[in-house]
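Just so you know, the first sequence maps onto residues 7 to 564 in the numbering used here. Here a beta-carbon is modelled for each residue, glycine too, at the ideal position from N, C-alpha and C. Please read the structure below before turning to the comments.
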Amino acid sequence: MALQNAFEHGGETRDKIVLGKILGTKPEFRTKVKEISKDISEIVFNVNQLSSEEQKKEIEKSFPEILAPKEKIQGREGLPELKDAIQGKVITRFPPEPNGYPHIGHAKAAIINSEYAKMYGGKFILRMDDTNPEAERMEYHAAIKVGLEWLGIEFDIVKNTSDDMELFYEKGIELINSGKAYICTCKREDISKNRRERKACKCSMKDIDKNNKNWRKMQEKFKPGDAVVRFRGDMKADNAVMRDPVLFRIIDGKHYTLGEKYRIWPSYDFAVAIEDSIDGVTHAFRSKEFELRKELTDTILDTLNMRKPYQGFFSRLEFKGMPISKRVIRPLIEEGKVSWYDDPRLPTLEALKRRGIKPEAIRKFIMSLGLTKANTLAPFDSLEAFNRKFVDPDSKRLFMVSNAKKLTVKNLPVSSVEIPNHPVKNMGKRKIDVNGEFYISGDDAQNIKEGMQIRLLGLGNISIKKDGVEFEGEFEGEKNIADIPKIQWVPQKTAHKIKMIIPKVLFKGDEFNEDSLEELDVYTEPQYLQLKEGEEIQFVRFGYCRKDSQNQAIFTHK
RNA sequence: GUUCCAGUGGUGUAGACCGGUCAAGCAUUCUGCCCUUUCAAGGCAGAGAUCCCGGGUUCAAAUCCCGGCUGGAGCACCA
Numbered sequence: 007m008a009l010q011n012a013f014e015h016g017g018e019t020r021d022k023i024v025l026g027k028i029l030g031t032k033p034e035f036r037t038k039v040k041e042i043s044k045d046i047s048e049i050v051f052n053v054n055q056l057s058s059e060e061q062k063k064e065i066e067k068s069f070p071e072i073l074a075p076k077e078k079i080q081g082r083e084g085l086p087e088l089k090d091a092i093q094g095k096v097i098t099r100f101p102p103e104p105n106g107y108p109h110i111g112h113a114k115a116a117i118i119n120s121e122y123a124k125m126y127g128g129k130f131i132l133r134m135d136d137t138n139p140e141a142e143r144m145e146y147h148a149a150i151k152v153g154l155e156w157l158g159i160e161f162d163i164v165k166n167t168s169d170d171m172e173l174f175y176e177k178g179i180e181l182i183n184s185g186k187a188y189i190c191t192c193k194r195e196d197i198s199k200n201r202r203e204r205k206a207c208k209c210s211m212k213d214i215d216k217n218n219k220n221w222r223k224m225q226e227k228f229k230p231g232d233a234v235v236r237f238r239g240d241m242k243a244d245n246a247v248m249r250d251p252v253l254f255r256i257i258d259g260k261h262y263t264l265g266e267k268y269r270i271w272p273s274y275d276f277a278v279a280i281e282d283s284i285d286g287v288t289h290a291f292r293s294k295e296f297e298l299r300k301e302l303t304d305t306i307l308d309t310l311n312m313r314k315p316y317q318g319f320f321s322r323l324e325f326k327g328m329p330i331s332k333r334v335i336r337p338l339i340e341e342g343k344v345s346w347y348d349d350p351r352l353p354t355l356e357a358l359k360r361r362g363i364k365p366e367a368i369r370k371f372i373m374s375l376g377l378t379k380a381n382t383l384a385p386f387d388s389l390e391a392f393n394r395k396f397v398d399p400d401s402k403r404l405f406m407v408s409n410a411k412k413l414t415v416k417n418l419p420v421s422s423v424e425i426p427n428h429p430v431k432n433m434g435k436r437k438i439d440v441n442g443e444f445y446i447s448g449d450d451a452q453n454i455k456e457g458m459q460i461r462l463l464g465l466g467n468i469s470i471k472k473d474g475v476e477f478e479g480e481f482e483g484e485k486n487i488a489d490i491p492k493i494q495w496v497p498q499k500t501a502h503k504i505k506m507i508i509p510k511v512l513f514k515g516d517e518f519n520e521d522s523l524e525e526l527d528v529y530t531e532p533q534y535l536q537l538k539e540g541e542e543i544q545f546v547r548f549g550y551c552r553k554d555s556q557n558q559a560i561f562t563h564k
């Protein structure tokens, strides 16, 4: 063993490490550490005296098996196992609030929860968390559904939190009647102040009858802001969430499905606690800003003698320089700095889709992030790497030139060529008519000088007779030559002009990046017009792009 | 301010609960080679880490304990 270690580490080993390895593989020696460590020191000393060559010989003679190449360690696939999960009995959920367009953060919560349900053959619930009529809209509700469908996430149960309003009232009254909740008529600022100073207010002294009376007054008489129902937590608690949090408040706005049927709405913590319990949720994975609220939901459920789900937490998912919050995005839209929620620079699902990111790639990417609580900015290039693997086998290869320069070729022996649409996969061929007049890319043109040979991909070799603003060349045959530039081209006659949009990072630090959207005028083959809208293709030697429309493409990644 | 959470190559993570087979695995990134009528994909190789810092326990610490530093989140009648 000492030999092996020495061999693997440049001819030297250390007794500490050899000892560790022995104790690790053979626990029976652990009681005899003192005795064996002496022997080990001696062996290690002797091994270190040998040269690498001698060590190798010795290994070959006595222990040939350790020269065999080590097997690659297989990493764990997917999410870590759940401790108290029973196959077939796991129920998870994804509860978005329909108050905006879904983004990569939603995707993370939805994917982690749905993967766990899948992993244990359980059920997965989509629950629209719609308890604040002021913020929620049908438009967002629909957008979230569309986004999740695009991601390929399937639900066993779809419901709204607001389906259970009567139940919330029932549980709320139960808490009031058991003295575990009270109606507070203090001003908002005073509640907040008392919370910070850990002081109870007079309202918490009121008796159950008075609270019941006030509850009825909340239905009609009180105005929004006049009264709230508070949970009797602990005003002295270190966890500020526990300091008598609000359970119900009055909102007079029109709910997007229920209209004005209700005016007393449950708060988030109360609704989530009750819903998770009655929906049978066994495991709830939430992003870590909710970590402090676990104590509250658990306490509420204990007080009501209701079953609690297990709660797990994961870090928020955000990309560097790509804002996720509506507070940041909305002004950008209003100022015209980004076009809409589907602007390819944004991390919304719509935008990612438009940019050419595939849902499978998002899923793989999110799974690769794991369940860590460390706060980090995710690497966009890792998402791109996953996406490339999904996109590559199905993307047609087409020619496109940017910053076009003219090239005229003499003696061209053919009037058309057929070029395969994919290098390895059989995706058919396309026929391109040629007459000797081409566009080539400006970047390539820079490196092309008179007297050189180049190859026009799929066509043949050209020797350059003239460089400058416009190039001239002569056809030299089709034989493959190894070390000449091989470049893409487009016939001038049928070239199709489009706009190429290259999204870049939106923010540099806190500053809006004024160059976040690069636009290029480029020429493609006429074949571009035949592509379906939304099709992902590869422009050869440029990168993967998505056809946005007949005259616009969006750069996905290299 | 206060409470909670986190800190492993450039980046993202695995390992930590239960100390030894981890002088630290995987992915990404970068470099080189092979393949190739693409600078893609695929194959191979390589680069890159004081495991945040300091102390302690132990024969043995990324892992346990104590102290510190740094970052994030909560402290809403939003979710």
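Out of Ser47, Lys223 and Lys40, which one is the CA nearest neighbour of Asp21?
Of Ser47, Lys223 and Lys40, the residue nearest in Cα terms is Ser47.
Cutting at 6 angstroms between CB atoms, please list the residues of its own chain near Asp348, excluding the five before and the five after it.
Contacts found: Glu356, Ala357 and Arg360.
If you draw a straight line from the C-alpha of Ile372 to the C-alpha of Asp213, how long is it?
Taking the straight line from one Cα to the other gives about 51 angstroms.
To which residues of the same chain is Leu157 closer than 8 angstroms at the C-beta, ignoring the five residues directly before and after it?
Hits under 8 angstroms: Ala113, Ala116, Ile117, Leu355, Pro365, Ile368 and Arg369.
If you run the structure through DSSP and keep just helix, strand and coil, what is Thr288?
The answer is coil: DSSP assigns Thr288 none of H, G, I, E or B.
If contacts are defined as beta-carbon pairs under 8 angstroms, then Leu181 and Thr309 qualify, I think. What distance do you get, rounded to the angstrom?
Confirmed, about 7 angstroms.
Determine the burial state of Asp275: buried for a count of at least 16 other Cβ atoms within 10 Å of its Cβ, exposed for fewer.
Looking at its Cβ environment, which holds 16 or more other Cβ atoms inside 10 Å, Asp275 is buried.
Out of Gln225, Thr191 and Lys229, state which residue places its alpha-carbon closest to the alpha-carbon of Met211.
Comparing Cα positions, the closest option is Thr191.
Whether or not the region 386–396 and the region 428–435 are in contact is what I'm after, with contact meaning three or more pairs of Cβ atoms, one per stretch, closer than 8 angstroms; do they touch?
No contact exists between the region 428–435 and the region 386–396.
Okay, do the region 473–487 and the region 517–533 touch, 3+ Cβ pairs below 8 angstroms being the bar?
Contact fails: fewer than three Cβ-Cβ distances are below 8 angstroms.
Are three or more beta carbon pairs between the region 252–262 and the region 223–243 nearer than 8 angstroms?
As far as the Cβ criterion goes, the region 252–262 touches the region 223–243, which means the pair count is three or higher.
Could you pull out every residue in the same chain whose Cβ sits closer than 6 angstroms to the Cβ of Ile163, ignoring the five residues on either side in sequence?
Within the same chain, Ile163 has close Cβ partners Ile131.
Rounding to the nearest angstrom, what Cα-Cα distance links Phe396 and Met171 in this structure?
For Phe396 and Met171, the distance between alpha carbons rounds to 44 angstroms.
Taking the alpha carbon of Lys505 as the reference point, which residue from Asn200, Asn557 and Pro497 has its own alpha carbon closest?
Nearest option by C-alpha distance: Asn557.
Does the Cβ-Cβ distance between Asn200 and Cys209 come in under 8 angstroms?
Contact flag unset, no.
Could you tell me which whole beta strand (DSSP E) segments of length 3 or greater appear in the region 374–417?
Qualifying beta strand (DSSP E) stretches, in chain order: 402–404, 406–408 and 411–416.
Check the C-beta distance from Thr19 over to Val50 and give it rounded, since I have them as a contact under 8 angstroms.
Indeed they touch by this definition, with Cβ atoms about 5 angstroms apart.
Excluding the 5 residues preceding and the 5 following Ile23 in the sequence, name in chain order all residues of the same chain whose CB lies nearer than 7 angstroms to its CB.
Excluding sequence neighbours, Ile23 sits near Asn11.
Taking contact to mean at least 3 C-beta pairs separated by less than 8 angstroms, is the region 119–139 in contact with the region 87–98?
With the cut-off at 8 angstroms, the region 119–139 and the region 87–98 touch.
Name the DSSP bridge partner or partners of Ala187?
DSSP lists Phe237 as partners of Ala187.
Can you give me the start and stop residues for the beta strand (DSSP E) that Glu140 sits inside?
Unbroken run through Glu140: none, as it is neither H nor E.
Compute the Euclidean distance between the alpha carbons of His15 and Gln61, then round it to the nearest angstrom.
Approximately 12 angstroms between the Cα atoms of the pair.
Let me know if Asp554 comes out buried or exposed under the rule of 16 or more other beta-carbons within 10 Å of its beta-carbon.
Asp554 should be labelled buried.
Roughly how many whole angstroms lie between the Cα atoms of Pro236 and Asp136?
Going by the sequence as given, residue 236 is Arg instead of Pro. Rounded to whole angstroms, Arg236 to Asp136 spans 20 angstroms at the Cα level.
Using DSSP with H/G/I as helix, E/B as strand and the rest coil, what is Gly81?
Residue confidence is low: Gly81 scores 48 on pLDDT, short of 50, so the model does not pin down where it sits. Its coordinate-derived value is still stated next. Three-state result, Gly81: coil.
Does the structure place the region 439–453 close enough to the region 410–426 that three or more beta carbon pairs sit under 8 angstroms?
Contact holds: three or more Cβ-Cβ distances are below 8 angstroms.
Note down the Cα distance separating Ile560 from Phe296, rounded to an integer number of angstroms.
Those two C-alpha atoms are separated by around 37 angstroms.
Could you spell out the range, first to last residue, of the alpha helix (DSSP H) harbouring Trp346?
No alpha helix (DSSP H) contains Trp346, which DSSP labels as neither H nor E.
How many Å lie between Gly81 and Arg322 at the Cα?
Its pLDDT being 48, under 50, Gly81 is placed unreliably in this model, and the value from its coordinates should be taken loosely. Their Cα atoms are separated by approximately 24 angstroms.
Have a look at Ser57, Leu25, Ile65 and Leu85 and flag the residue whose alpha-carbon is nearest the alpha-carbon of Gly374.
Rather than Gly, the amino acid found at residue 374 in this sequence is Ser. Residue Leu85 is the option with its Cα nearest to Ser374.
Report the residue from Leu264, Asn381, Lys219 and Glu301 whose alpha carbon sits nearest the alpha carbon of Val247.
Cα-wise, what sits closest to Val247 is Glu301.
In terms of alpha-carbon separation, which member of Glu59, Val53, Glu542 and Arg238 lies closest to Arg394?
With distances taken between Cα atoms, Arg394 lies closest to Glu542.
With a threshold of 8 angstroms, are at least 3 pairs of Cβ atoms found where one atom belongs to the region 146–160 and the other to the region 324–334?
No, the region 146–160 is not in contact with the region 324–334.
Let's test the definition: count the other Cβ atoms within 10 Å of the Cβ of Asn119 and tell me whether it reaches 16, buried, or not, exposed.
So Asn119 ends up on the buried side.
What residue range does the alpha helix (DSSP H) around Glu60 cover?
Glu60 -> alpha helix (DSSP H) spans Ser58 to Ser68.
Output the boundary residues of the beta strand (DSSP E) element that contains Asp115.
For clarity, residue 115 is Ala in the given sequence; the question names Asp instead. Looking at the DSSP string, Ala115 is not in any beta strand (DSSP E); the run it does join, the alpha helix (DSSP H), is Ile110 to Met125.
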